[in-house]
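Here's the structure we're looking at; comments come further down.
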Amino acid sequence: MARSIASVGVVGLGTMGAGIVEVFARNGIDVLAVEVGDAALERGRETLRGSVDRAVRKGKLSEDERAALLERVTFAVGLDALHAVDLVIEAVPEKLELKQRIFGELDRVCKRDAILATNTSSLSVTEISVATSRPNQVVGMHFFNPAPVMKLVEIVRTVVTDEEVVTGIEALCKRLGKVDVTIGDRAGFIANALLFGYLNQAVSLLEAKYASREDLDAAMKLGCGLPMGPLALMDLIGIDTAYEILDTMYRRGGRDRRHAPVPLIKQMVTAGLLGRKSGRGFYTYEKPGSPVVVPDEATPVGAAASGLDTGAVEKVGVVGSGTMATGIIEVFARAGFEVVSVTRGAEQSGRTCEALKTSLNKAVVRGRLDEAGRDAALGRVTWSATVEHLADVDLVVEAVVEELSVKKALFASLDEICKPGVVLATTTSSLPVIELAVATERPADVVGLHFFNPAPVMGLVEVVRTIRTSDATVATATALCRAVRKHPVVCADRSGFVVNALLFPYLNDAVKMVEASYSTADDIDHAMKLGCGYPMGPFELLDVIGLDVALAIQRELYLELREPGFAPAPLLEHLVTAGYLGRKVGRGFRDYSKR
Ligand SMILES: NC(=O)c1ccc[n+]([C@@H]2O[C@H](COP(=O)([O-])OP(=O)(O)OC[C@H]3O[C@@H](n4cnc5c(N)ncnc54)[C@H](O)[C@@H]3O)[C@@H](O)[C@H]2O)c1
3 MARSIASVGV VGLGTMGAGI VEVFARNGID VLAVEVGDAA LERGRETLRG
53 SVDRAVRKGK LSEDERAALL ERVTFAVGLD ALHAVDLVIE AVPEKLELKQ
103 RIFGELDRVC KRDAILATNT SSLSVTEISV ATSRPNQVVG MHFFNPAPVM
153 KLVEIVRTVV TDEEVVTGIE ALCKRLGKVD VTIGDRAGFI ANALLFGYLN
203 QAVSLLEAKY ASREDLDAAM KLGCGLPMGP LALMDLIGID TAYEILDTMY
253 RRGGRDRRHA PVPLIKQMVT AGLLGRKSGR GFYTYEKPGS PVVVPDEATP
303 VGAAASGLDT GAVEKVGVVG SGTMATGIIE VFARAGFEVV SVTRGAEQSG
353 RTCEALKTSL NKAVVRGRLD EAGRDAALGR VTWSATVEHL ADVDLVVEAV
403 VEELSVKKAL FASLDEICKP GVVLATTTSS LPVIELAVAT ERPADVVGLH
453 FFNPAPVMGL VEVVRTIRTS DATVATATAL CRAVRKHPVV CADRSGFVVN
503 ALLFPYLNDA VKMVEASYST ADDIDHAMKL GCGYPMGPFE LLDVIGLDVA
553 LAIQRELYLE LREPGFAPAP LLEHLVTAGY LGRKVGRGFR DYSKR
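Just so we're on the same page, this note's numbering is the position in the sequence shown counted from 1, plus 2.
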């Protein structure tokens, strides 16, 4: 039978503790909220009050409910107050010695059958439990930030946790309206093990000045539909907490270099830039604890406004007849540009034209375009099968097959045909743009314009500048993106640019987690959606992208960066070999033939 839990204590009222107190009080459970001293207790009380006041302002809580909620919370300094509660959740800083000391004291203070839970993100629950005389009653209860909002709780059982303790905590999570996944005691559990390598990598891209903070965040939001970018998320988590989690994961998780905290993180902690809670982290906030970002010295000045100068670009050439080429023709034609489409033959031009008509008609059906707009867009496109027709365009976007020799030959011929000063862009997603630039006599005019599929829908374009691209070319390229209502992010010419470089290692890590039998595809998908607010879990996404595509991109990243942690998961290779390529063939990680 599941344990009944009527009263709860929370130790530590920081970012997580205050949120966890709110979760219990909102669900009608009495909470004893404990801090180390009066000042910290007052801060915790303020955090709770601020959060419930916001909920009232947003109409998510009535005045009466707020009063009842606050009534359920008792505040106290020191652990002695916890002698009568049924469950304690510890949420103090991520330091093993501190947590072990607190668990030793809790063991002394709390009643014999009380359950002791830790909210640790990365430390060993087993090591914490052995600081008590009741390791069988110790469990991990890992809430996600912000605790009142995120639905997931990871329940961590050690090899000695009693089954009835686990079932009691599972039942409690249901009462709280949370979805739980129960897992073993491994560094980072599910979500953080998949998240923190990605966050650390994003910081390393910033440190290397590979892209700006705004561009890194915008790329992941717009390119992957994530609720926030990695640097904004680091600020929400707390830079000091993130440092401790990475450090522990590095030491516990097989010394994977990708978890070794990037030096910039340590410097920020030393400088007191702890994220939202201190009012400044990667971004600057209105005041400590506020989610409102205010401009600072790193904020781009008037970028959107000054970036509308598209130079003299009126006529655009698009080379290719595939999905991307068709989408890009549509994007430019709908934005009012004259478009010259160049394919390899009349048949390909006919097919591309049909595909464009179908897509435009869909936009009409969906009410996003009227019939006159459709006809005008179609009327702006000229169809050709000879590159010579690109002699008078102001921009060329190359979207032919992803083969270096083919693209290089095309760029060499563009060099012969196009006017001087024309921007020559490639949509490659994996080849080095510099290879194409040096196939011409004008490398300063060559840039990457990496659109996302479907191009008419996705709001992001990665503008890839090589070491030879001129500032003027980058400025025109970014302005053109804005002119076609896309959000440009500028990045350097490295494998995967921003989005793929950050996305695919995470997907590959998820495959490795299943391969190691730590968790299942279903639980991992749940964890990332409910714990991190991702629109799709990694396995859902892999099946949509195609396992062969994912494997090819991961191989490129591995070959370019030689990072051992980027080696493609053997399970991914085996599934591709077996022909399980995802939705497109009816089977990938999941079987779609029976649905
Ligand atoms: N921040 C996140 O996004 C997040 C998410 C999930 C889990 N966690 C985990 O939650 C735990 C707390 O992290 P946080 O981000 O809330 O940290 P935090 O620094 O915001 O808060 C920690 C709080 O603990 C208090 N404290 C310190 N020593 C204490 C003691 N002896 N007795 C009582 N209180 C004490 C501090 O005064 C502070 O208020 C960590 O284990 C962390 O890994 C954090």
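Here a beta-carbon is modelled for each residue, glycine too, at the ideal position from N, C-alpha and C.
DSSP beta-bridge partners of residue i
i: V342; result: G319, T384
i: L118; result: V90, V140
i: P540; result: DSSP lists no partner for P540.
i: C493; result: V466
i: L553; result: According to DSSP, L553 bridges with nothing at all.
i: S595; result: DSSP output for S595 lists no bridge partner at all.
i: R589; result: G584, D593
i: S9; result: D32
i: I185; result: V158
i: V399; result: V320, A427
Buried or exposed by the 16-neighbour rule on C-beta atoms within 10 Å, applied to residue i
i: Q269; result: exposed
i: Y594; result: exposed
i: V13; result: buried
i: P445; result: buried
i: S308; result: Caution is warranted here: a pLDDT of 49 is assigned to S308, below 50, making its placement in the model unreliable, and no coordinate value can be reported.
i: R589; result: buried
i: L561; result: exposed
i: P570; result: buried
i: N502; result: buried
i: H261; result: buried
i: G533; result: buried
i: S135; result: exposed
i: G199; result: buried
i: S126; result: buried
i: P232; result: buried
i: T480; result: buried
i: D545; result: buried
i: N363; result: exposed
i: P572; result: exposed
i: R376; result: buried
i: D88; result: buried
i: P452; result: As written in the sequence, residue 452 is His, which differs from the Pro given in the question. Burial call: buried.
i: P540; result: buried
i: E356; result: exposed
Contact belief for residue i with residue j at Cβ below 8 Å, rounded distance in angstroms
i: R188; j: Y520; result: 6 Å
i: V440; j: I419; result: About 18 Å; that fails the 8 Å criterion.
i: M143; j: I130; result: About 12 Å separates the two Cβ atoms, so there is no contact after all.
i: P458; j: E332; result: 5 Å
i: A401; j: A335; result: Contact flag wrong, Cβ pair sits at about 14 Å.
i: I547; j: G498; result: With 8 Å as the limit, I547 and G498 do not qualify as a contact, their Cβ atoms being about 13 Å apart.
i: V344; j: H391; result: 6 Å
i: E92; j: N138; result: With a Cβ gap of about 17 Å, E92 and N138 do not count as contacting.
i: D550; j: L583; result: 5 Å
i: P293; j: G535; result: Actually they do not touch by this definition, with Cβ atoms about 15 Å apart.
i: P150; j: E24; result: 5 Å
i: A213; j: V492; result: 7 Å
i: V321; j: V341; result: Wrong, their Cβ atoms sit about 11 Å apart, outside the cutoff.
i: R159; j: G190; result: 16 Å between Cβ atoms; not a contact.
i: G329; j: N147; result: Not really, about 37 Å apart at Cβ, beyond 8 Å.
Are the segment 35-50 and the segment 11-23 in contact at 8 Å, needing three or more beta carbon pairs? yes
If contact is defined by three or more beta carbon pairs under 8 Å, each pair taking one atom from either stretch, is the segment 252-269 in contact with the segment 518-528? no
For the structure I just gave you, are there three or more beta carbon pairs, one from the segment 161-177 and one from the segment 462-469, closer than 8 Å? Of all C-beta pairs linking the segment 161-177 to the segment 462-469, fewer than three are shorter than 8 Å, placing the two stretches out of contact.
I'd like the ranges of any beta strand (DSSP E) spanning at least 3 consecutive residues and lying wholly in the segment 229-296. none
Those runs of the beta strand (DSSP E) which lie wholly inside the segment 129-179 and span at least 3 residues: Entirely contained in the segment 129-179, the beta strand (DSSP E) runs reaching 3 residues are, in chain order, 140-145, 154-158.
Mind pulling the alpha helix (DSSP H) runs of 4 or more residues that sit fully within the segment 35-78? 40-59, 65-73
Count Cβ pairs between the segment 235-242 and the segment 268-282 that sit closer than 8 Å; are there 3 or more? yes
Go through the segment 407-473 residue by residue and report every complete run of the alpha helix (DSSP H) that reaches 4 residues or more, in order. 435-439
Can you confirm whether the segment 108-119 touches the segment 56-70 when touching is taken to mean that 3 or more C-beta pairs between the two stretches lie within less than 8 Å? no
Three or more C-beta pairs below 8 Å linking the segment 87-104 and the segment 68-76: Look at the beta carbons and you see the segment 87-104 not touching the segment 68-76: under three pairs across the two are nearer than 8 Å.
Any chance the segment 426-433 sits against the segment 398-416, with 3 or more Cβ pairs inside 8 Å? yes
Counting beta carbon pairs with one atom in the segment 197-214 and one in the segment 140-155, are three or more of them shorter than 8 Å? no
Could you tell me which uninterrupted alpha helix (DSSP H) segments, each at least 4 residues in length, are contained entirely in the segment 356-383, listed from first to last along the chain? 373-381
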